[in-house]
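Below is one structure, written out as C-alpha cells; the observations come after it.
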Amino acid sequence: MKFAVLQFPGSNCDQDCVHVLQNVLGHPTRLLWHKESVLGDVDAVLVPGGFSYGDYLRTGSIARFSPVMQAVKEFADQGGLVLGICNGFQILCEAGLLPGALIRNRSLQFRCEHVYLKVATQDSPFTQAIPEGKLLRIPIAHGEGNYFCDAATLEELEAKEQILFQYADRDGDVTDHANPNGSLKNIAGICNTARNVAGMMPHPERAAEAALNEDDGRLIFESLIAGLNPAPAPA
Amino acid sequence: MKAKVIITPKPEVLDPQGKTVQTALEHMGCTGVGEVRVGKYIEIEMDGDADTVKAKLSEYADKFLANPNIEDYRLKLED
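Residue numbers (numbering that gives the first Met the number 0), protein chains in the order written: chain Z, 0 to 234; chain Y, 0 to 78.
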C-alpha cells in the first residue's frame, strides 16, 4: 500500500513518519509539499507533527488553507484514510475534518514524556490490529494538546465510540493524574463519525521499531495496513 | 478604516494562561483582582463602509480569525 506524508513549512516529524512506513514497515511512501494540489495514487495520508506555519494565530489554523489540504479534504470525503499526529491532529480539527479543538495544556508546560494509552475501541482502521486490553506506551511532545469540545460533541463522541485513545496510568486506569494536558475525558485521540479520519497527540512514529526498544506505535500503522490490504483503495 | 478584532476564550473553556496571570498579579500584591482571561487582539486595515466591513470581518472571524469551538470575538471599527 502507498502512503503520503504531508510536509508544511515547520513540519518536523515528517521524516520520522517516512522512515517508519518505508524502512521499518516496507511500504512505498512519499512526501507531499504543502503546495501540491493533487495527492496522486495513495491509500492513506499522514499529517505529521511539528509547528506548521510557526503555529501562528492558532496551532494548525494556517495549514488548513494550503492547496494540499484541499486535496486531503476531498480524499477524506471519499473515504480515504487520514491520520493526523500531534500538529497533524490540530490541523485536522482546524480543517473541520475532526470535531473539537486542541488548546493550551492546563499546566502551561510543554510536555515531553512517555504516556500510557488505553485503546478505547478496536473498531477503527487505526486500532483494529491492537490486541484487546493492550496498553500502548508512546511519547508525547506538545504544548497544546488539551482536547476540548462542547458538551453535545463530547456526548456524540462517546455515543458513537469515536474516542480511540485515552491517557491512562500504567495499570490502564484512566485517571486525572495520568492526564498530561487536561484533555476532556483524558482524550488522546479520536476519529470522525465515518471512522476514516483520526487524530492523536502522542507520536506513534517515535515508538515503532525494536531497535529503539519500544514499538507499541507500530501497532497503529499495522492497523492501517491491515485495513487496506484486503480492500481496494478508495475511488 | 481600521478594524479591530478582539478574541477571547469562551466562558466554558479553561484558560490556564489567564489563571496564571491572575495568580501572578496576586503574587505582585495586587488587590481586587478577579478572574483573568487572556485572548488575542488583531488590527486589520479594511476598505469600504462600516456595514460592509463589519459583514466581511464577521465572515472572516467565523471562518478563520477565531475558532468557534473555543473562542468568542467582537469587532470594533475606527475611521
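We put the CB at the ideal spot given by N, CA and C, even for glycine.
Should Asp215 of chain Z and Ala209 of chain Z be called a contact, given that it needs their Cβ atoms to be closer than 8 Å? Contact check for Asp215 of chain Z against Ala209 of chain Z fails: the beta carbons are separated by 8 Å or more.
Nearest neighbour of Tyr246 of chain Z, chosen from Z:Asn191, Z:Val71, Z:Leu156 and Z:Pro138 [CA to CA]: This structure cannot settle anything about residue 246 of chain Z, because the visible part of chain Z is limited to 0 through 234.
Kindly say whether Gln16 of chain Y, judged by its beta-carbon, lies nearer than 8 Å to any beta-carbon of chain B. In the structure shown, chain B does not exist; the protein chains are Z and Y.
Can you grab the Cα-Cα spacing for the pair Glu58 of chain Y / Glu11 of chain Y, in whole Å? Glu58 of chain Y and Glu11 of chain Y: Cα-Cα distance of roughly 23 Å.
Could you check the C-alpha separation between Met27 of chain Y and Asp122 of chain Z for me, to the nearest Å? So the two alpha carbons sit approximately 52 Å from each other.
What are the start and end residues of the alpha helix (DSSP H) that includes Ile224 of chain Z? Here the alpha helix (DSSP H) through Ile224 of chain Z covers Arg217 to Leu227.
Of the choices Z:Val17, Z:Leu163 and Z:Glu143, whose alpha-carbon is the least far from that of Leu135 of chain Z? Comparing alpha-carbon positions, the option among Z:Val17, Z:Leu163 and Z:Glu143 lying closest to Leu135 of chain Z turns out to be Z:Leu163.
Check whether the Cβ atoms of Gly142 of chain Z and Arg103 of chain Z sit closer than 8 Å, and answer yes or no. Pairing Gly142 of chain Z with Arg103 of chain Z gives a Cβ-Cβ distance under 8 Å.
8 Å Cβ cutoff met for Asn195 of chain Z and Pro98 of chain Z: Taking the C-beta atoms as reference points, Pro98 of chain Z is found no nearer than 8 Å to Asn195 of chain Z.
Does the CB of Ile102 of chain Z have a neighbour CB from chain Y at under 8 Å? By this cut-off, Ile102 of chain Z is an interface position.
8 Å Cβ shell around Ser65 of chain Z - same chain, five flanking residues per side excluded: Within the same chain, Ser65 of chain Z has close Cβ partners Phe7, His33 and Lys34.
Mapping DSSP to helix, strand and coil, what is Ser60 of chain Z? If DSSP states are grouped into helix, strand and coil, Ser60 of chain Z belongs with coil.
Give a yes or no on contact between the stretch 66-75 of chain Z and the stretch 166-185 of chain Z, applying the rule of three or more CB pairs nearer than 8 Å. In short, these stretches do not touch, since the Cβ pair count stays below three.
I want to see whether chain Y comes within less than 8 Å of Leu97 of chain Z, judged by CB atoms only; does it? Answer no: the Cβ-Cβ gap between Leu97 of chain Z and chain Y never drops below 8 Å.
Alpha-carbon to alpha-carbon, Phe63 of chain Y and Leu227 of chain Z: Rounded to whole angstroms, the separation of the alpha carbons of Phe63 of chain Y and Leu227 of chain Z is 34 Å.
Length of the line joining the Cα atoms of Glu221 of chain Z and Ala75 of chain Z: Glu221 of chain Z and Ala75 of chain Z have their alpha carbons spaced roughly 20 Å apart.
Residue range of the alpha helix (DSSP H) that Met68 of chain Z falls in? Per DSSP, Met68 of chain Z belongs to the alpha helix (DSSP H) from Pro66 to Asp76.
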